[in-house]
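Trainee:
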Amino acid sequence: MSFEPRILGILCNWCSYAGADLAGTSRIHYPPNVRIIRVMCSARVDPTFVVKALVSGADGVLICGCHPGDCHYSEGNYKTMRRIPLLKKVLKDFGIEDERVRLEWISASEGQRFADIVKDMTERIRVLGPSHVACELHADPRER
Amino acid sequence: MAVKKLQIALYWGAACGGCDVAVLDTNEFILDVAALADIRLWPIAVDGKYADVEALADNELDLTFFNGAVRNSENEHLAKLLRRKSKMLVAFGSCAHLGGIPGLANLTGREEILTKNYLHNPSIEPGNKKIPLPETDLNGQLLQLPYFFKRVYRLADIVPVDYCLPGCPPAPEQVKLSILALAGGKRPPPGSTIGAAERNLCDDCQRSKSEKKIKHFYRPHEILQDPDKCLLEQGILCMGPVTRSGCGVRCPDTGLGCRGCYGPAPDVMDQGSKFISALGSIIDSKDPHEIETIIAGIPDLTAILYRFGLPASFLQRSLKL
């Protein structure tokens, strides 16, 4: 069977989730590989969530928030803007490919942009192959 | 009627010896321990042999303090042996509890560690081509060494652990209180973290705290510190927000940021990624390029975030191993 990436999308309520909703109501086609969780703000995305998703079997994690300056809570997405690069730097040391975690800004009117990003990310991860984070952890604990 | 003395053992796995010194740092209390208990094994202080432990009946030991991580087959063997012989097994100190400093080796492969240490280290005998092997034939004699695992484990990865006593090393006062608690009738429920508090370090830190806005991170010696102000506000990395208290705020009180040795605070699941969350909140920039520069100014970020708890983190080890 061919590999179908499992991507977790964590989308902010005010912009990106509405953008994804627009993609749906506009009948824009995009791969069904992304499973979406709605949060009130991208700043709600504790980096622990991303790591937890990866060890639970996600092949990629997509975090979307309002464009800088547009945050419903005025500063929330700036915190995300600082957290994700920090997290990516750490994940690199753990041998996890950069493409597996992606941060994008999507407004409520950017349904097409959301669909394009999901398409692009799905293809990139398809090329990368399945994530080994989860299965490596459950390998034989002695691993001699 | 003579009361039967408590039978205890103290053992070190992959450790530096600091945990054993922490036990000795209880000063004259160690004499009370000697009065209270028979020490059946304590490699750093008492001449006990593994064979003596193997000869014990199962559960004959009342209490075992195991410090150090599990790095090789000898550590693993003793962990299993002591588990079988002990009613209570305590993961003593950061290494047994979370993997500790040796756990940082989980970012580096076994081959790389061995070649670096035995072939390329500046302090080795010039021209050395030998790496220690589990089995070596020397003039017809078979020499055996413990097997070096691919990665480091915490004690709980190998055997069930009754209590964790965190710290690198645990504060001597906490060691004393824990020994008294476990020796007495009032034992905490199994699985508890003992000798530590149910709150984070900032709750116990006396420094004044206000809004944090950081443009550059400093190492403690690089700036003139304000002794009364939160270290994070001064740009010194301090793991206090995500770390369990109980140490007596030893590091921040001396002007060093908390290094996180007491492990994740209650409700923190992954110490390093949780601290990223905190860092993201305090970095003072809205410009992606400037943010990159500020982040690049933090030396060895991963090791700072997971200094004592890498094998206990969600990711446990690098996938490159």
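Protein chains in written order, with the numbering used here: chain A, 4 to 147; chain B, 133 to 453. Using N, Cα and C, we set each Cβ at its ideal position, and we do this for glycine too. Since this is a predicted model, take the numbers as computed values, not measurements.
(1) Which residue comes first and which comes last in the beta strand (DSSP E) that contains residue 179 of chain B?
(2) According to DSSP, is residue 393 of chain B part of a helix, a strand, or is it coil?
(3) Give me the Cα-Cα distance between residue 69 of chain A and residue 296 of chain B, rounded to the nearest whole angstrom.
(4) Should residue 363 of chain B and residue 339 of chain B be called a contact, given that it needs their Cβ atoms to be closer than 8 angstroms?
(5) Use the C-beta contact count for residue 124 of chain A: other C-beta atoms within 10 angstroms, 16 or more gives buried, fewer gives exposed.
(6) Closer than 7 angstroms by beta-carbon distance: list the chain B residues that pair up with residue 76 of chain A, in chain order.
(7) Just to confirm before moving on: does the CB-CB distance between residue 11 of chain A and residue 40 of chain A stay below 8 angstroms?
(8) Go through its chain and collect everything with a Cβ distance to residue 329 of chain B's Cβ below 6 angstroms, but skip five positions before and after it.
(9) Counting pairs of beta carbons, one from the region 226–233 of chain B and one from the region 196–203 of chain B, are three or more of them closer than 8 angstroms?
(10) Check whether the Cβ atoms of residue 454 of chain B and residue 381 of chain B lie closer than 8 angstroms to each other.
(11) Is any beta-carbon of chain B found at less than 8 angstroms from that of residue 116 of chain A?
(12) So which residues on chain A does residue 420 of chain B lean against when the C-beta distance must stay under 7 angstroms?
(13) Per DSSP, what are the beta-bridge partners of residue 361 of chain B in this structure?
(14) Nearest CA to the CA of residue 417 of chain B: which residue from A:116, A:85, A:95?
(15) Put residue 63 of chain A into one of helix, strand or coil per three-state DSSP.
(16) Taking 8 angstroms as the threshold, find out whether the region 387–400 of chain B comes into contact with the region 434–442 of chain B through three or more Cβ pairs.
(17) Would you please state the rounded distance, in angstroms, between the beta carbons of residue 103 of chain A and residue 62 of chain A? I believe it to be under 8 angstroms.
(18) Could you give the residue range of the beta strand (DSSP E) that holds residue 296 of chain B?
(19) Do the region 267–278 of chain B and the region 291–309 of chain B touch if we need at least three Cβ pairs shorter than 8 angstroms?
(20) Quick one: what's got a C-beta closer than 6 angstroms to residue 341 of chain B's C-beta in the same chain, skipping five residues either side?
(21) Please name the residue in A:37, A:77, A:56 whose C-alpha comes closest to that of residue 138 of chain A.
(22) Just list the beta strand (DSSP E) runs in the region 227–298 of chain B, keeping only unbroken ones of 3 residues or longer that don't cross its boundaries, in chain order.
(23) Do residue 186 of chain B and residue 290 of chain B have their beta-carbon atoms positioned less than 8 angstroms apart in this structure?
(24) Pick out whichever of A:71, A:127, A:96, A:114 has its Cα sitting closest to the Cα of residue 44 of chain A.
(25) Under 8 angstroms between C-beta atoms, does residue 149 of chain B make it to chain A?
(26) Once DSSP output is grouped into helix, strand and coil, what is the label at residue 184 of chain B?
(27) Relative to the C-alpha of residue 135 of chain A, which candidate in A:7, A:60, A:31, A:67 has its C-alpha closest?
(28) Span of the alpha helix (DSSP H) holding residue 139 of chain B?
(29) Could you tell me if the beta carbon of residue 322 of chain B falls within a distance shorter than 7 angstroms of some heavy atom in the ligand ATP?
(30) Can you pull the chain B residues whose beta carbon is under 7 angstroms from the beta carbon of residue 135 of chain A, in chain order?
(31) Measure the alpha-carbon distance for residue 118 of chain A versus residue 83 of chain A and round it to whole angstroms.
(32) Decide if residue 166 of chain B is buried, meaning its Cβ has at least 16 other Cβ atoms within 10 Å, or exposed.
(33) What residue from B:242, B:449, B:192 has the CA that sits closest to residue 216 of chain B's CA?
(34) With 7 angstroms as the limit, tell me which residues of the region 97–116 of chain A have their beta carbon closer than that to any beta carbon of chain B; keep them in chain order.
(35) Indicate whether at least one CB of chain B lies closer than 8 angstroms to the CB of residue 131 of chain A.
(36) Just to confirm the assignment, what range does the beta strand (DSSP E) spanning residue 55 of chain A have?
Mentor: Inspection of the coordinates gives the following:
(1) Unbroken run through residue 179 of chain B: none, as it is neither H nor E.
(2) coil
(3) 43 angstroms
(4) yes
(5) buried
(6) Those within 7 angstroms of residue 76 of chain A in chain B number zero; the least Cβ separation is about 13 angstroms.
(7) yes
(8) 377, 378
(9) yes
(10) Since the first and last residues shown for chain B are 133 and 453, residue 454 of chain B lies out of range.
(11) no
(12) 84
(13) B:340
(14) A:85
(15) strand
(16) yes
(17) 7 angstroms
(18) 295–297
(19) no
(20) 362
(21) A:56
(22) 267–270, 273–276, 280–285, 295–297
(23) no
(24) A:71
(25) no
(26) helix
(27) A:60
(28) Not the alpha helix (DSSP H): residue 139 of chain B falls in the beta strand (DSSP E), residues 138–144.
(29) The ligand ATP is absent from the structure shown, which contains no ligand whatsoever.
(30) 451
(31) 21 angstroms
(32) exposed
(33) B:192
(34) 97, 98, 99
(35) no
(36) It is not in any beta strand (DSSP E) - residue 55 of chain A instead sits in the alpha helix (DSSP H) that spans 50–58.
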